[in-house]
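Chemist:
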Amino acid sequence: MTTVLDVAAAMLAALFGPESLAVSHQIEHALNAVIAWARV
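According to my numbering, the sequence shown is numbered sequentially starting from 93.
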């Protein structure tokens with residue numbers, strides 16, 4: 093199942109290149125933390 097975060101990471105990779113994958117992964121973790129906090 094593809095999530096919005098997966099799409100966002102793919103877009104970042106397409107825009108900034110492979111070196112951005114690590115950054116987008118960190119962003120994904122941060123967004124997941126925010127989403128988890130917001131659901132509480």
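Ideal placement from N, C-alpha and C gives every residue a C-beta, glycine not left out.
(1) From Ala-42 to His-121, what does the alpha carbon distance come to, in whole angstroms?
(2) How many Å lie between Leu-107 and His-117 at the Cα?
(3) Apart from the five residues just before and just after Ala-125, which ones in its own chain have a Cβ nearer than 6 Å to its Cβ?
(4) Starting from Val-132, follow the alpha helix (DSSP H) in both directions and report where the run begins and ends.
(5) By Cβ distance, which residues of its chain are closer than 8 Å to Leu-97, with the 5 residues on each side in sequence left out?
Modeler: Put simply:
(1) Summary: the structure shown does not reach residue 42, with the chain confined to residues 93 through 132, and so no result is reported for it.
(2) Taking the straight line from one Cα to the other gives about 15 Å.
(3) Excluding positions up to five away in sequence, the list is empty.
(4) Under the DSSP assignment, Val-132 falls outside any alpha helix (DSSP H); it carries neither an H nor an E label.
(5) If we look at Leu-97 and ignore the five residues flanking it on each side, its Cβ neighbours are Glu-120, Leu-123 and Asn-124.
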